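Residue 51 in the working numbering sits at position 19 of the sequence shown; the count goes up by one each step and never skips.
Below: the structure, in structure tokens.
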Amino acid sequence: MNFLEKGYQTGNVWLPGLDITVYLNSNQFFRNDGIVKDMQIHTNKVYYEINPRIKHDSYPIPLGRCIITYDERSNIAAAIFVKENDPINHIFNYGHESVEALIKYGRGDVLLDELKKEGFFIDPFQRYNDTENIANIGGFLALHKKNYRDCSMNCPELQELYSEFLDSYKKQK
Ligand SMILES: [Zn+2]
33 MNFLEKGYQT GNVWLPGLDI TVYLNSNQFF RNDGIVKDMQ IHTNKVYYEI
83 NPRIKHDSYP IPLGRCIITY DERSNIAAAI FVKENDPINH IFNYGHESVE
133 ALIKYGRGDV LLDELKKEGF FIDPFQRYND TENIANIGGF LALHKKNYRD
183 CSMNCPELQE LYSEFLDSYK KQK
């Protein structure tokens, strides 16, 4: 698949949510599909582009997605998008999906640098062993950068993680 023809970019790309520009290698591609009304329809559209024979179904339907494609020349492409929702959710989910893309590119260092720059001395890669938690830290960071200091999302399962994130603020180890 010719990723550039499909609207992917390489080189300097801007990651939404995290609101940073990273430099991708020439075998790494990124596309931000933005805010979509219907996650399932858009997911199928992206998979259809990759391979029309793939039929994709997954439940529950997530609030954001990062779809990874590898081609035969070991290029890697990430397409991210988030579900239409309220603006706070968009920021969090963009941050989350941007981190998932970074992890797939093997560029976790970008997240670590950005956390430090913003004053958070936490290494999610050492602390958590699942990608979801690491990506959620990216979501919190995205909210922080947009000055959302009180992350009172109706998401009780994230409260503990959020406390750990806040606790790491300005606490250099
Ligand atoms: Zn995720």
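Ideal Cβ positions, reconstructed from N, Cα and C, are used throughout, including at glycine.
Values in this document were obtained by computation on a predicted structure and should not be read as measured data.
Pairwise C-alpha distance: residue j and residue i
i: Gly151; j: Tyr194; result: 15 Å
i: Arg181; j: Arg63; result: 29 Å
i: Phe172; j: Leu36; result: 31 Å
i: Tyr126; j: Asp89; result: 22 Å
i: Asp162; j: Ile169; result: 12 Å
i: Ala167; j: Val131; result: 5 Å
i: Leu50; j: Asn117; result: 18 Å
i: Arg149; j: Leu143; result: Looking at the sequence itself, residue 149 is Lys, so the reference to Arg does not match. Their Cα atoms are separated by approximately 10 Å.
i: Tyr160; j: Ala133; result: 17 Å
i: Lys69; j: Phe197; result: 30 Å
i: Asp103; j: Met33; result: 7 Å
i: Ile86; j: Ala174; result: 33 Å
Nearest to residue i (by Cα), restricted to the options the options
i: Ser58; options: Asp65, Asn44, Ile52, Gly66; result: Asn44
i: Arg97; options: Gln191, Gln41, Val114, Glu146; result: Val114
i: Cys187; options: Asp199, Ile120, Glu146; result: Ile120
i: Ile82; options: Pro48, Tyr55, Tyr40; result: Tyr40
Check: residue i C-beta below 7 Å from any heavy atom of ligand 2
i: Lys87; result: Ligand 2 is not part of this structure, which contains only ligand 1.
Contact with chain D by residue i, beta-carbon distance below 8 Å
i: Asp199; result: The chain labelled as chain D is not found in the depicted structure, where only one protein chain is given.
_Whole runs of the alpha helix (DSSP H) within the segment 67 to 154, excluding any shorter than 4 residues_ = 71 to 82, 119 to 137, 140 to 149
*Neighbourhood of ligand 1 [Cβ distance below 6 Å to any heavy atom], ordered by chain position*: His128, Glu132, Glu164, Ala167
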